[in-house]
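In our numbering, the protein residues as written are 2 to 87.
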């Protein structure tokens with residue numbers, strides 16, 4: 002049978018938890034994983050790059066069409082190189 006000193010030492014020492022602490026304890030919240038924030042930031046940056054590339058292509062097409070019209074040409078429709086008989 003353990004002595005009273007042994008029991009007192011076990012109770013005053015660091016507590017060992019057999020089960021993980023639950024989140025039901027109000028003041029015990031774990032910090033968020035920083036990798037999740039980094040992944041979300043990477044996805045946002047990727048979306049901005051893809052959106053920027055799309056805008057550059059569209060604005061380039063519009064600029065070429067406007068240059069054609071401003072030079073006085075009347076047929077500025079883009080030519081499809083895959084069309085038959087072209």
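Cβ coordinates follow ideal geometry from the N, Cα and C atoms, glycine included.
Being a predicted model, the structure only gives us computed values, none of them experimental.
The alpha helix (DSSP H) with residue 80 in it runs from where to where?
Premise fails: residue 80 is in no alpha helix (DSSP H) and is neither H nor E.
Between which two residues does the alpha helix (DSSP H) containing residue 68 stretch?
35-71
Tell me whether residue 6 sits in a helix, a strand or coil according to DSSP, three-state version.
helix
What does a CB cutoff of less than 6 angstroms around residue 54 pick up in its chain, not counting 5 residues either side in sequence?
Spatial neighbours of residue 54 in its own chain (CB-CB distance under 6 angstroms, excluding positions within 5 residues in sequence) are not present.
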